[in-house]
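*Asks:* Have a look at the structure that comes next, please.
Protein chains: 2
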Amino acid sequence: MKNKENILIIGAGLCGSLLALRMAQRGYQVQLIEKRPDLRKTDISAGRSINLAFSNRGIKAMKLVGLEKKVLDICIPMNGRMIHDEQENTFLSPYSGLEHEYINSISRTDLNALLLDEAEKMENVTITFNQDCLSVNSEKGTATFKDYHSKEEKTMNADLIFGADGAGSSLRKSMMEDRSFLFSYSQEYLQHGYKELTIEASESGDFQLYKNALHIWPRGEDMLIALPNLDGSFTVTLFLAYADSDYCFNDLTTVEKVEEYFKINFPDALKLMPNLGEEFFENPTGALGTVKCSPWYSHGKSLLMGDAAHAIVPFYGQGMNASFEDVVVFDEALEKHTGDWEETFKAYQKARKKDTDAIADLAIDNFHEMKEHTAAPIFQQKRKLETALEQEFPAEYASKYRLVTFQEQIGYAEAMKRGRAQDKAMLRLISEEKITEDLTLAEKLKLVKEETKAILEEDTVAY
Amino acid sequence: MKNKENILIIGAGLCGSLLALRMAQRGYQVQLIEKRPDLRKTDISAGRSINLAFSNRGIKAMKLVGLEKKVLDICIPMNGRMIHDEQENTFLSPYSGLEHEYINSISRTDLNALLLDEAEKMENVTITFNQDCLSVNSEKGTATFKDYHSKEEKTMNADLIFGADGAGSSLRKSMMEDRSFLFSYSQEYLQHGYKELTIEASESGDFQLYKNALHIWPRGEDMLIALPNLDGSFTVTLFLAYADSDYCFNDLTTVEKVEEYFKINFPDALKLMPNLGEEFFENPTGALGTVKCSPWYSHGKSLLMGDAAHAIVPFYGQGMNASFEDVVVFDEALEKHTGDWEETFKAYQKARKKDTDAIADLAIDNFHEMKEHTAAPIFQQKRKLETALEQEFPAEYASKYRLVTFQEQIGYAEAMKRGRAQDKAMLRLISEEKITEDLTLAEKLKLVKEETKAILEEDTVAY
Chain A
50 MKNKENILII GAGLCGSLLA LRMAQRGYQV QLIEKRPDLR KTDISAGRSI NLAFSNRGIK
110 AMKLVGLEKK VLDICIPMNG RMIHDEQENT FLSPYSGLEH EYINSISRTD LNALLLDEAE
170 KMENVTITFN QDCLSVNSEK GTATFKDYHS KEEKTMNADL IFGADGAGSS LRKSMMEDRS
230 FLFSYSQEYL QHGYKELTIE ASESGDFQLY KNALHIWPRG EDMLIALPNL DGSFTVTLFL
290 AYADSDYCFN DLTTVEKVEE YFKINFPDAL KLMPNLGEEF FENPTGALGT VKCSPWYSHG
350 KSLLMGDAAH AIVPFYGQGM NASFEDVVVF DEALEKHTGD WEETFKAYQK ARKKDTDAIA
410 DLAIDNFHEM KEHTAAPIFQ QKRKLETALE QEFPAEYASK YRLVTFQEQI GYAEAMKRGR
470 AQDKAMLRLI SEEKITEDLT LAEKLKLVKE ETKAILEEDT VAY
Chain B
50 MKNKENILII GAGLCGSLLA LRMAQRGYQV QLIEKRPDLR KTDISAGRSI NLAFSNRGIK
110 AMKLVGLEKK VLDICIPMNG RMIHDEQENT FLSPYSGLEH EYINSISRTD LNALLLDEAE
170 KMENVTITFN QDCLSVNSEK GTATFKDYHS KEEKTMNADL IFGADGAGSS LRKSMMEDRS
230 FLFSYSQEYL QHGYKELTIE ASESGDFQLY KNALHIWPRG EDMLIALPNL DGSFTVTLFL
290 AYADSDYCFN DLTTVEKVEE YFKINFPDAL KLMPNLGEEF FENPTGALGT VKCSPWYSHG
350 KSLLMGDAAH AIVPFYGQGM NASFEDVVVF DEALEKHTGD WEETFKAYQK ARKKDTDAIA
410 DLAIDNFHEM KEHTAAPIFQ QKRKLETALE QEFPAEYASK YRLVTFQEQI GYAEAMKRGR
470 AQDKAMLRLI SEEKITEDLT LAEKLKLVKE ETKAILEEDT VAY
């Protein structure tokens, strides 16, 4: 297959690298341009290993490009949430009632490097690093870059320009400044920020916490989480308010205060973090933002993908998975409309926008669920029932988490609608004490299904 | 009273002029700077008279500065919606069951001129026109302007800077570019645009439609409205999709097509618009956007007000009223925290943001209600019942419209919550045929109240 168009992809992160590979497989001439240096040659993250949750929707995309096996080789399965309470007790809350349904911890750098390697193997892909995109003219099909070393500016031409350049996308900024069409846009920040920390491997190289789980310390308004790395360490992330609470980023200004805060809230973690004080002040505090916009395309020539189109907060572990799924959905639109880019872009957004809007909202819901509810008795009771239902009736019942994470054949919007109704139904039944111990599991399922149906009907009645 | 701070207000539109007057009354030194020429001396709108709906929340603000009487002198009362169907039938749907509750049509220019005159009378106010604000540095308390005539740029200092510079606010843009704090922002466009047209007064100078109503031609996806002017004319506004419908702005490219469209949809209006074809292509097509952002203030020195902080679509007739109410709420915060500007700004946003968010959402709801529902039988049945309840039990029942428009003592957010629950209750009762003709009005009220209460409780149950 040979396609005549030249494709310029801005951003060689996870989404851009995958897109480059896929477009090259389809026969297009691809130029992939990245702002930063080649992460395979430079230790960008200064020794910090950043990991991500990788699951079914991401795997679906890897299958599309034939990389499923290679990626799974660098994954660490996480079967559930390991919840740590203030008394240092832990209990595991599985992600699914089914053993083969789990999420994975994966290194961002390793995965990105793999995708770059595979893209680079294609003869119709060129990759250039250290080129900062200053602006895009979608009408003309040009993009202007500044070389990091020479500081020279260069304008490149292409038939199509894809912006896979992340939450701070240059293409998106250019679209926003383009007055020839109406561009709806939102950026919304949480009042919490995050900071990445580390639990190192033990001296013998072993994991110091249970390896196959996503660890959570839910504390109401704050939360600590930890994901395992292949080298035995865990990457720990603290989510904490910037201001206006007893302990907050703006007030944690000394090592003593940080340690005091950890001692009260995360005593078991603190014991495993001898360098906490140092690391806390070395590592930056990041903001948590959601970006939505529309349209994603302009002048039939440029398209936003991944975080550039829909940056989300990390609490559903779906940011990367959603960006990868973008490529799958785009590939389907392209398959159907090859040759007509305007139609392709339109069909892609029509199929995809509702789902990325949904995962953005779900991710914010999950922020509250993780920090507040994972430790609450009614939530645990619900989770136990869900797990039992999934084990006994896997074809008939799937929790919201399972719908979002493990049922990649349905979209996020559908998963949200069904999942939210189910949650509401289940919590209502539990709080009204209609789910009693004398009922069989089948009877409980029947109750949940009826109540869910009633709630879905309530919501759809149009007056 | 004499306050030492120098106040710079960017924008001498409705909100900025009122704010200047009020701050001057409080003894501050006020510089009011406007981009456009003085509307009292220049015919900016090229002969088009733009009118607005003015109601209780706006009147409350006029009372604050002592201008109620002068403003009401230039108002035309509108008692209800005069609905025009496709068969040229009309019927009046009153805005309230009470005779003294009505909205007013007022000329934007006349009202703005009045506010400028009053501000100018104050010795501590200076007003400068033709100064385009290029940027604001909130940290330093400076703003840079470009003179329209000389093209010279000039930077001004102030202790406090208020951005009352409308939906395209310069201060807001400067806040968005300021990386020293997290600025949440959204701009959302409807798929419809609008165009202003005219029904002139008759040759004898009379109104050609019933004077004391807001006229509506609801047509499902499109809508025409008309508001009276003091000179006997009506300003007519067409709301129509830009694209993707049988008739839309992008396709109405010839006089013939425009007339055909009006003939089918608005035959009675067409007869009164002999210059339709000409006017349609002379007047611009405007976009309908909603802007929300947070925080409204930065560095304790600058604050956004009016459309600059919360631009809304015009369908609740509350844009100007909300901006005027801003000044009242701000004045209360200032009264409480005089001397501490950071506290004043914080208290103002805390009191006000939920309400401006609510009116933004209500205005979008009302777009759908006006174009689709005003002509629907169930809506009319509901409206009739509401009007009867308001007449008989004015202290016990207020429709959503009445809560928003005529009950200025409660905020928009509270009005939205109660109003939406009531609407849902009433439509549910009507569609389930629980409101039957054999019931007395008191019995109907009881049913509506009970159902509303149940809905409000459903919504607040927290699991």
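The listed protein sequences correspond, in order, to chains A and B.
So that you can map any letter, position 208 of the first sequence is 257 in this note's numbering, and since no number is skipped, the others follow by simple counting.
So that you can map any letter, position 455 of the second sequence is 504 in this note's numbering, and since no number is skipped, the others follow by simple counting.
Note that CB positions come from ideal geometry on N, CA and C, so glycine has one too.
Predicted, not measured: the structure shown is a model, and the values here were computed from it.
Going by the CB atoms, is the gap between G338 of chain B and Q236 of chain B shorter than 7 Å?
*Replies:* Translated into the one-based positions of the second sequence, residue 236 of chain B becomes position 187. Translated into the one-based positions of the second sequence, residue 338 of chain B becomes position 289. In contact: Q236 of chain B and G338 of chain B (Cβ atoms closer than 7 Å).
*Asks:* Report the residue ranges of all beta strand (DSSP E) runs contained in full by the segment 88-137 of chain B; include only those spanning at least 3 residues, in chain order.
*Replies:* Within the segment 88-137 of chain B, the complete beta strand (DSSP E) runs of at least 3 residues are 100-103, 125-127, 129-133.
*Asks:* Using a 10 Å radius around the Cβ and a threshold of 16 neighbouring Cβ atoms, would you call D280 of chain A buried or exposed?
*Replies:* Reading the first sequence from its first residue, position 231 is the one you call residue 280 of chain A. When all chains shown are included, D280 of chain A counts as exposed.
*Asks:* On a Cα-Cα basis, can you pick out the residue from B:R451, B:Y197, B:Q458 that is closest to Q471 of chain B?
*Replies:* Counting from 1 along the second sequence, the entry for residue 471 of chain B is found at position 422. Nearest of B:R451, B:Y197, B:Q458 to Q471 of chain B, Cα basis: B:R451.
*Asks:* Starting from the N-terminal side, write out each stretch of the beta strand (DSSP E) that is 3 residues or longer and does not extend beyond the segment 270-328 of chain B.
*Replies:* As far as the segment 270-328 of chain B is concerned, its whole beta strand (DSSP E) runs of at least 3 residues are 271-277, 283-290.
*Asks:* Please name the residue or residues paired with Y238 of chain A in a DSSP beta bridge.
*Replies:* The residue you call residue 238 of chain A lines up with position 189 of the first sequence. Looking at the DSSP assignment, Y238 of chain A forms a beta bridge with A:G338.
*Asks:* Let me make sure I understand the geometry here. Which of A:R228, A:A61, A:G269, A:T284 has the alpha-carbon closest to that of L246 of chain A?
*Replies:* On the first sequence, residue 246 of chain A is found 197 positions in, with the first residue counted as 1. The candidate whose alpha carbon is nearest that of L246 of chain A is A:T284.
*Asks:* Where does F211 of chain B sit, in a helix, a strand or coil, going by DSSP?
*Replies:* As a working note, residue 211 of chain B is residue 162 in the second sequence. Of the three classes helix, strand and coil, the one that applies to F211 of chain B here is strand, per DSSP.
*Asks:* Going by CA-CA distance only, name the one from A:N128, A:F298, A:L63 that's closest to E270 of chain A.
*Replies:* As a position in the first sequence, residue 270 of chain A is number 221, starting the count at 1. E270 of chain A has its Cα closest to that of A:F298, out of A:N128, A:F298, A:L63.
*Asks:* For N415 of chain B, report the span of its alpha helix (DSSP H) as first-last.
*Replies:* Within the second sequence, the letter at position 366 stands for residue 415 of chain B. Unbroken alpha helix (DSSP H) run through N415 of chain B: 390-417.
*Asks:* So is E507 of chain A in contact with chain B if we call contact Cβ pairs under 7 Å?
*Replies:* To locate residue 507 of chain A, count along the first sequence from 1; it is residue 458. No, its Cβ sits nowhere closer than 7 Å to a Cβ of chain B.
*Asks:* Could you name the residues of chain B that S233 of chain A contacts, counting a contact when the two beta carbons are closer than 7 Å?
*Replies:* Start at 1 with the first residue of the first sequence, and residue 233 of chain A comes out as number 184. Q236, E237, Y238, listed in chain order.
*Asks:* Relative to chain A, which residues along the segment 336-350 of chain B have a C-beta separation below 7 Å, given in chain order?
*Replies:* The residues in question are A336.
*Asks:* Given a cut-off of 7 Å on the beta-carbon distance, is the pair E374 of chain B and R85 of chain B in contact?
*Replies:* In the second sequence, residue 374 of chain B corresponds to position 325, counting from 1. In the second sequence, residue 85 of chain B corresponds to position 36, counting from 1. Not a contact, by the Cβ cut-off of 7 Å.
*Asks:* Below 8 Å on the Cβ atoms is my guess for R89 of chain A versus L165 of chain A; work out the distance and round it to an integer in Å.
*Replies:* As a first step, residue 89 of chain A is located in the first sequence; it is residue number 40 there, counting from the start. As a first step, residue 165 of chain A is located in the first sequence; it is residue number 116 there, counting from the start. Right, the Cβ-Cβ distance comes to about 6 Å (below 8 Å), so this counts as a contact.
*Asks:* For the beta strand (DSSP E) holding P143 of chain A, just list the boundary residues, first then last.
*Replies:* The sequence position of residue 143 of chain A within the first sequence is 94, counting from 1. Unbroken beta strand (DSSP E) run through P143 of chain A: 139-143.
*Asks:* Helix, strand or coil for K195 of chain A? Go by DSSP, reduced to three states.
*Replies:* On the first sequence, position 146 is the one that residue 195 of chain A refers to. Of the three classes helix, strand and coil, the one that applies to K195 of chain A here is strand, per DSSP.
*Asks:* Tell me whether Q136 of chain A is buried or exposed, calling it buried when 16 or more other Cβ atoms sit within 10 Å of its Cβ.
*Replies:* The residue you call residue 136 of chain A lines up with position 87 of the first sequence. Q136 of chain A comes out exposed.
*Asks:* Following the continuous beta strand (DSSP E) through N55 of chain B, name the residue where it begins and the one where it ends.
*Replies:* Here residue 55 of chain B corresponds to residue number 6 of the second sequence, with the count starting at 1. Residues 55-59.
*Asks:* By the three-class DSSP mapping on this structure, what secondary structure does D4 of chain A have?
*Replies:* No information on residue 4 of chain A is available, as it lies outside the stretch 50 to 512 that chain A covers here.
*Asks:* Going by DSSP in three states, M72 of chain A sits in which element: helix, strand or coil?
*Replies:* As a working note, residue 72 of chain A is residue 23 in the first sequence. The answer is helix: DSSP assigns M72 of chain A an H, G or I state.
*Asks:* Check whether the Cβ atoms of I132 of chain A and F140 of chain A sit closer than 7 Å, and answer yes or no.
*Replies:* Taking the first residue of the first sequence as 1, we reach residue 132 of chain A at position 83. Taking the first residue of the first sequence as 1, we reach residue 140 of chain A at position 91. Cβ distance < 7 Å, so I132 of chain A and F140 of chain A count as in contact.
*Asks:* To the nearest angstrom, report how far apart K203 of chain A and N179 of chain A are at their CA atoms.
*Replies:* To locate residue 203 of chain A, count along the first sequence from 1; it is residue 154. To locate residue 179 of chain A, count along the first sequence from 1; it is residue 130. If I take the Cα positions, the gap works out to 12 Å.
*Asks:* Report yes or no: do the segment 310-322 of chain B and the segment 244-260 of chain B share at least 3 C-beta pairs separated by less than 8 Å?
*Replies:* In short, these stretches touch, since the Cβ pair count reaches three.
*Asks:* Which class does Y18 of chain A belong to by DSSP, given the choice of helix, strand or coil?
*Replies:* The displayed coordinates of chain A run from 50 to 512. Any statement about residue 18 of chain A would go beyond what the structure contains.
*Asks:* Does the Cβ-Cβ distance between E441 of chain A and L490 of chain A come in under 7 Å?
*Replies:* One-based indexing of the first sequence puts residue 441 of chain A at position 392. One-based indexing of the first sequence puts residue 490 of chain A at position 441. Contact: yes.
*Asks:* To which residues of the same chain is L68 of chain A closer than 7 Å at the C-beta, ignoring the five residues directly before and after it?
*Replies:* Working through the first sequence from its first residue, we reach residue 68 of chain A at position 19. Once the five neighbours on either side are set aside, the close Cβ partners of L68 of chain A are I58, F211, A213, M354, V376.
*Asks:* If you run the structure through DSSP and keep just helix, strand and coil, what is N206 of chain A?
*Replies:* By 1-based counting over the first sequence, the position of residue 206 of chain A is 157. The answer is strand: DSSP assigns N206 of chain A an E or B state.
*Asks:* Helix or strand or just coil, what does DSSP make of V362 of chain A?
*Replies:* Within the first sequence, numbered from 1, the residue matching residue 362 of chain A stands at position 313. Reduced to three states, the DSSP call for V362 of chain A is coil.
*Asks:* Are there three or more Cβ pairs, one per stretch, closer than 8 Å when the segment 320-337 of chain B is compared with the segment 166-177 of chain B?
*Replies:* No contact exists between the segment 320-337 of chain B and the segment 166-177 of chain B.
*Asks:* Identify the continuous alpha helix (DSSP H) that holds P426 of chain A and give its terminal residues.
*Replies:* On the first sequence, position 377 is the one that residue 426 of chain A refers to. First-last of the alpha helix (DSSP H) with P426 of chain A: 426-441.
*Asks:* DSSP state of I176 of chain A, grouped into three classes?
*Replies:* Here residue 176 of chain A refers to the residue found at position 127 when the first sequence is read from its first residue. It is a strand residue.
*Asks:* Check for me: the alpha helix (DSSP H) holding H149 of chain A runs from which residue to which?
*Replies:* For the purposes of this step, residue 149 of chain A is taken as residue 100 along the first sequence, with counting starting at 1. Run containing H149 of chain A: none; DSSP gives neither H nor E here.
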